[in-house]
Amino acid sequence: MESYDLFEPDTQLHCLSSGAFVLRGFALPHLDHLVSETYDVASISPFRHMITPGGFTMSVALTNCGMLGWTTDRRGYRYVSVDPVTGSSWPAMPAVFAKLASEAAAKVGFKEFQPDACLVNRYSPGARLTMHQDKNERCYEEPIVSVSLGMTAKFLFGGHERSDPATKIPLFHGDVMVWGGVDRLRYHGVMPLRGAPHSVMGNQRINLTFRKAG
Ligand code: MD6
Ligand code: FE
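Each residue of the sequence shown is one higher than the one before, counting from 47 in the working numbering.
Right, here's the structure in full:
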């Protein structure tokens, strides 16, 4: 089995808070593989603009892989094992995804993270994610691991109240965020995507977020 070099020279670890970390460039050695697997996932379960319980169409396009996938419609937010668009199971989580997520989590102290869900978010220019908490997962003991691909995002890292001030963090192609513990339920969001197209991914940003949902 291959293993990752924990001291990958391109990786820098930034601690945002005691449970939240940015691992700059952690995914860089695996980018080609991550990108091609992402497109394979989307060829099985296509990106779609979901409807929030309040009736708004999300500007971010979403799909999932793994045993469970996050979905929203007028009935609410939840995890489901069958893709409502295709009527089939979500595509399996590619091994390179699960391994990267688990290695990133371990690097900052979350041992044996085994995600069962991976949300795949696609941002086109102008798409954004309003401030939210990730709280549809069954258990908050496990962290969330997030991988950024493509155009640079401005990520908003807030507090435990929606009105708390947020720190703006740029997330680049190949960056990985890990957050859990005391920071697991912090509000966060993504500012409207803008700026130059990415040399490899073009006019989009794709974000993979790994969770233990069930
Ligand atoms: C995104 N990410 O970066 C959206 N949630 O496109 C998230 O909503 C997120 O990056 C929890 C933990 C890390 C994240
Ligand atoms: Fe989130």
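Built from N, CA and C at the ideal position, the CB exists for glycine as well.
The ligand MD6 heavy atom lying under 6 Å from the CB of residue i
i           : result
residue 225 : yes
residue 109 : no
residue 167 : yes
residue 255 : yes
residue 222 : no
residue 90  : no
residue 105 : no
residue 127 : no
Near the ligand GDP: residue i beta-carbon under 6 Å from a heavy atom
i           : result
residue 148 : No copy of the ligand GDP occurs in the structure displayed; its ligands are the ligand MD6 and the ligand FE alone.
Residue i versus the options, residue with shortest Cα-Cα distance
i           : options               : result
residue 169 : 108, 115 and 212      : 108
residue 75  : 248, 249, 219 and 244 : 219
residue 217 : 241, 226 and 89       : 241
residue 157 : 187, 130 and 132      : 187
residue 248 : 171, 123, 227 and 200 : 171
Nearest-angstrom beta carbon gap, residue j and residue i [assumed within contact, 8 Å]
i           : j           : result
residue 189 : residue 246 : The pair is not a contact, with the Cβ atoms about 27 Å apart (cut-off 8 Å).
residue 117 : residue 96  : 6 Å
residue 138 : residue 111 : 7 Å
Do the region 201 to 218 and the region 141 to 154 meet, that is, are 3 or more Cβ pairs less than 8 Å apart? No, the region 201 to 218 is not in contact with the region 141 to 154.
Of all residues in the structure, which have a C-beta closer than 6 Å to any heavy atom of the ligand FE, taken in chain order? Matched residues: 178, 180 and 234.
With three or more C-beta pairs closer than 8 Å as the rule, is the region 179 to 199 touching the region 249 to 256? A contact exists between the region 249 to 256 and the region 179 to 199.
Just checking, does the region 164 to 179 make contact with the region 233 to 245 on the three C-beta pairs under 8 Å criterion? Contact between the region 164 to 179 and the region 233 to 245 is present, because at least three Cβ pairs lie under 8 Å.
At least 3 beta-carbon pairs within less than 8 Å: the region 83 to 92 vs the region 57 to 72: These segments do not touch.
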